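Notes for the one structure printed next.
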Amino acid sequence: MDMLEQLLLNDSLFANGWGGLGVAIQAYQKRALPLCEWTVSAARAHRRKLMVRLVKGAYWDTEIKAAQVAGLPDYPVFTRKVATDVSYLACAKILLSAKDAIYPAFATHNANTIAAVKALAGKTPFEFQRLHGMGEGLYEEVAKLEKAIGDPQTPVRIYAPVGSHKELLAYLVRRLLENGANSSFVNRIADEHVSLDDLVRDPVADLEALQPKRNPNIILPSELFGNGRRNSAGVDLSDPLVREPLMQRLKKLEARSWSAKPGIGKGEGRPIVSPHDHRITVGMTFEATADDVDRMVRAGHAAQVAWDALGGEARAKLLERAADLYEEHAEEFFSLCTREAGKTLVDAVLEVREAIDFLRFYASEARRQFTRPSRFRVPLESGTKCACTAVG
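What follows is the structure, encoded as structure tokens:
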């Protein structure tokens, strides 16, 4: 959007009355409606006219999976198809109400959506768009109906994917997946078991009747692993409202000097400098001596008996507490990863999340394996087997 605004400022781009600058907006994004409002405001502020292509959205499954992998607080897309349909109509209403600033184009193969857009548009100029090989029959019927009632024919732009087999195969597979989905209008209109009344249901009324509004079968990213463990919280560095305040806090942490010492003994201190700028001293480390290491190993060995006696549940809680502390101090670890190890911020976030995930994974394993008796078989001599029971 920053780039679009810069283009709007470029007078030479609009010389000779050129009006081809445009943007595509995906209605399945929760930000779609405010984005339409922003686009209208930006066009008006710079006295331009923009073409806006409104689509339902592509790569919904990818958006869901990416948010889960990234450990985001919520999904950027709606989790119900009907919510996307309602969002599309709300966005269409905004775009059609700004004919001074927007030339809207509605990409759809849904007869219900086509009828709603026609009703909303009135005499406002706009166009429909369809994909090559899809929707021919539907738009032929639209043209017949317009002719029959004396309406001017709405322009229909045909999108045709162009490229080699390598580039197009993934695109075509995606189209097959989307159109083959149970909720797809293209799929449902071909299903003889779906009645006409079901096909033309009002999405606004359907969404109002739904409780809850979000799909309960699509769990939040934090709940990805069920009751076993909580997913580590990620950071959406693509969001300036998240990234810029984080960068300011990391800037303040650059003044902090760190000190690392062995648990037993004092060791000999030496400065740690940043690998990408040796003028920056991150802090001091105190190396353990061979005797220090020997004492630490013996202390750890002696503590193992008491640790084992705690049982799986108590150990799991301690591991989870450690994970929570990592998460509470995540930004300090980000700072260390970038300054001491020379990692990028993206890698720093992944590094800290991996540590948190491992702690919570081992906590879940402690509960699974060491809180109740488990049965296993131990092979004995001459092939004899004995059923044994072991406890944590």
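Here the sequence shown is numbered in the numbering used here, starting from 7 and rising by one per residue.
In this text, a Cβ means the ideal position worked out from N, Cα and C, and glycines have one as well.
Keep in mind that this is a model prediction, so the values were computed, not measured.
Original post:
Under a Cβ-count criterion, where at least 16 other Cβ atoms within 10 Å of its own Cβ denotes burial, should Leu365 be classed as buried or exposed?
Top reply: buried
Original post:
Using the C-alpha atoms, what's the distance from Ala122 back to Leu102?
Top reply: 12 Å
Subject >> In chain order, each beta strand (DSSP E) run of at least 3 residues that lies wholly inside the segment 29-112 >> reply: 56-61
Subject >> Closest residue to Tyr145 among Ser244, Leu325 and Arg163 (Cα-Cα distance) >> reply: With distances taken between CA atoms, Tyr145 lies nearest to Arg163 out of Ser244, Leu325 and Arg163.
**OP:** Report the three-state DSSP secondary structure of Trp264 (helix, strand or coil).
**Re:** strand
Original post:
What do you reckon, are the CB atoms on Ala294 and Glu326 nearer than 7 Å?
Top reply: no
Original post:
Ala32: buried (16+ other C-beta within 10 angstroms of its C-beta) or exposed?
Top reply: The amino acid at residue 32 is misidentified as Ala; the sequence shows Gln. With 16 or more Cβ atoms within 10 Å of its Cβ, Gln32 is classed as buried.
Subject >> Unbroken stretches of the alpha helix (DSSP H), 4 residues or longer, contained in the segment 130-156 >> reply: 142-155
**OP:** Buried or exposed for Gln155, please, with buried defined as at least 16 other CB atoms from any protein chain shown within 10 angstroms of its CB.
**Re:** Reading off the sequence shown, one finds Ile at residue 155, where the question assumed Gln. Label assigned to Ile155: exposed.
Subject >> Cut-off 6 Å between Cβ atoms - residues of its own chain near Leu256, not counting five sequence neighbours on either side >> reply: Ser341
Original post:
Is Asp314 helix, strand or coil when you go by DSSP?
Top reply: DSSP places Asp314 in helix when its eight states are reduced to three.
**OP:** Please work out which residues of its chain come closer than 6 Å, Cβ to Cβ, to Ala347, disregarding the five sequence neighbours upstream and downstream, and give them in chain order.
**Re:** none
Original post:
Could you give the C-beta distance for Leu265 and Met302, rounded to a whole number, given that I count them as a contact under 8 Å?
Top reply: Checking the displayed sequence, the identity of residue 265 turns out to be Ser instead of Leu. Contact doesn't hold; Cβ gap of about 18 Å is too wide.
Original post:
Could you give the residue range of the alpha helix (DSSP H) that holds Phe20?
Top reply: Note, Phe20: premise wrong, no alpha helix (DSSP H); not H, not E.
Original post:
Going by other Cβ atoms of all chains shown within 10 Å of its Cβ, with 16 needed for buried, is Gly141 buried or exposed?
Top reply: buried
**OP:** Could you name each continuous alpha helix (DSSP H) segment of 4 residues or more that falls completely within the segment 199-284, going from the start of the chain to the end?
**Re:** 202-205, 209-215 and 246-259
Original post:
Alpha carbon to alpha carbon, how far is Asp283 from Glu260?
Top reply: 13 Å
**OP:** For Gln135, count neighbouring Cβ atoms within 10 angstroms of its own Cβ and tell me buried if that reaches 16, exposed if not.
**Re:** buried
**OP:** Determine the burial state of Pro281: buried for a count of at least 16 other Cβ atoms within 10 Å of its Cβ, exposed for fewer.
**Re:** exposed
**OP:** Evaluate contact between the segment 93-102 and the segment 64-83, counting only Cβ atoms and requiring at least three cross-stretch pairs below 8 Å.
**Re:** no
Original post:
By how many angstroms is the C-alpha of Thr350 removed from the C-alpha of Leu183?
Top reply: 36 Å
**OP:** Name the residue from Met9, Thr119, Glu333 and Gly143 whose alpha carbon lies nearest to the alpha carbon of Lys62.
**Re:** Nearest C-alpha to Lys62: Thr119.
Subject >> Contact set for Ala49: own chain, Cβ-Cβ below 8 Å, skip 5 residues either direction >> reply: Leu14, Lys55, Leu56, Ala104, Ala107 and Ile108
Original post:
Whose C-alpha, out of Tyr34, Lys71, Tyr65 and Pro110, is nearest the C-alpha of Gly25?
Top reply: Comparing Cα positions, the closest option is Pro110.
Subject >> Cβ neighbours of Phe367 in the same chain (closer than 8 Å, five flanking residues each side left out) >> reply: Arg235
Original post:
Which residues does DSSP pair with Val162 in a beta bridge?
Top reply: Phe134
Original post:
Quick one: what does DSSP say Gly348 is sitting in, helix, strand or coil?
Top reply: Here Gly348 carries a coil assignment [DSSP, helix/strand/coil].
**OP:** Using a threshold of 7 Å, state whether the C-beta atoms of Glu133 and Pro167 are closer than that.
**Re:** no
Original post:
If you drop the 5 nearest sequence neighbours on each side, which residues of the same chain put their C-beta closer than 6 Å to that of Leu243?
Top reply: Arg249
**OP:** Have a look at the DSSP bridge pairing and note the partners of Gly289.
**Re:** Trp264 and Ile278
Original post:
Between the Cα of Asp298 and the Cα atoms of Ile270, Arg207, Phe339 and Leu39, which residue gives the shortest distance?
Top reply: Ile270
Original post:
Quick one: is Thr68 buried, meaning 16 or more other Cβ sit within 10 Å of its Cβ, or exposed?
Top reply: exposed
Original post:
Would DSSP call Ser170 helix, strand or coil?
Top reply: In the three-state scheme derived from DSSP, where H, G and I count as helix and E and B as strand, Ser170 is classed as coil.
**OP:** Determine the direct distance from the alpha carbon of Glu274 to that of Asp300, and round the result to whole angstroms.
**Re:** 16 Å
Subject >> Straight-line gap, Leu252 to His335 (C-alpha atoms, nearest Å) >> reply: 13 Å
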